[in-house]
Amino acid sequence: MNDSASLTLSALRAAPVLPREFFNRDPVTIARELLGKLLIRRVGRKLLAGRVVEDEAYLGANDPAAHAYTGRTARNAVLFGPPGHAYVYFIYGNHYCFNVSCMPEGYGEGVLFRALEPVFGVEQMALARDLELPDSPHANQLRLISSGPGRLSEAFGITRMRDNAKDLTSAKSDLWLADDGFRPGRIVATPRIGVTKAAERPLRFAIAGNGFVSGRREG
DNA sequence: GAGGAGATCGTCT
DNA sequence: GACGATCTCCTCT
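Just so you know, numbering that gives the first Met the number 0 puts the end of the first sequence at 218, numbered straight through with nothing missing.
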């Protein structure tokens, strides 16, 4: 385990927002470099934050598993837009999944956020997930907050109506990505979860040994 | 702890 | 009309 400790509010506010250029690259590089970065949500005057510990790259027209593989539609239009924007979609009648667009306009590539380690506003996130945390929550209970694409979206209140197409590189946004200087140790690459096409490609990335990675524990 | 199946609805064909 | 980048509950071991 190399899970990072919770953050102070001043540390959160001091973390620089990731610039547009960060996302104007190929999603494999971005997926690797997003590990350890912070997803921050402003709710009224409060902040929620989670550290990215697991994500997946989707390679647009070169990737049969990607939503953009068959071309631009009303649903996936954000992926084909400028980099650094939120692509949120609804799946299985129950869940929202949260992605960020990558590459210049027209490519349809992106990164899916699969798991976060809660580091600020944990109680509010647990409330959003309808979880009850005891006074000294065990890691297994904290893990239920945001270890999975649907779970992290619920914890952060991310929906298609509210957040699709939102600019994640703007400090004026209520949802953005930031770098507080944390650097993960070893990164593992595995096949993506839940995909049936191009299922063998190692495009899922996670911080090795981190207890907040989704699915069965590994590393 | 592991495995299976149901829930539930937007999107595309 | 079929399917899906998931989660949770239930059963069995």
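All C-beta atoms in this analysis are idealised placements derived from N, C-alpha and C, irrespective of residue type, glycine included. Bear in mind that the values here come from a model prediction, so they are computed numbers and not experimental data.
Nearest-angstrom Cα separation, counted from residue j out to residue i
i	j	result
residue 99	residue 131	30 Å
residue 46	residue 195	37 Å
residue 181	residue 70	37 Å
residue 82	residue 146	25 Å
residue 207	residue 188	9 Å
residue 121	residue 33	21 Å
residue 88	residue 160	9 Å
residue 125	residue 144	6 Å
Residue i classed as buried or exposed, judged by whether at least 16 other C-beta atoms fall within 10 angstroms
i	result
residue 117	buried
residue 41	exposed
residue 102	buried
residue 153	buried
residue 53	buried
residue 61	exposed
Test item: CB-CB of residue i and residue j under 8 Å
i	j	result
residue 165	residue 84	yes
residue 112	residue 151	yes
residue 16	residue 36	no
residue 95	residue 109	no
residue 114	residue 213	yes
residue 14	residue 162	no
residue 38	residue 155	yes
residue 48	residue 11	yes
residue 29	residue 97	no
Cβ-based neighbour list, residue i, same chain, cut-off 6 Å, excluding 5 preceding and 5 following
i	result
residue 64	194, 196 and 197
residue 27	56
residue 149	94
residue 5	118
residue 191	55, 202 and 203
residue 75	66 and 67
residue 25	none
Chain-order list of residues whose beta-carbon lies under 7 Å from that of residue i (same chain, five-residue window excluded)
i	result
residue 167	83, 84, 85, 99, 174, 175 and 176
residue 31	186 and 204
residue 19	82, 83 and 168
residue 142	210 and 211
Other residues of its chain near residue i: CB distance less than 8 Å, five sequence neighbours each side excluded
i	result
residue 123	42, 45 and 47
Runs of beta strand (DSSP E) wholly within the stretch 181-213 (minimum 3 residues, chain order) | 186-189 and 203-206
What are the uninterrupted segments assigned as beta strand (DSSP E) that are 3 or more residues long and contained completely in the stretch 42-96, given in chain order?
-> 45-57 and 85-90
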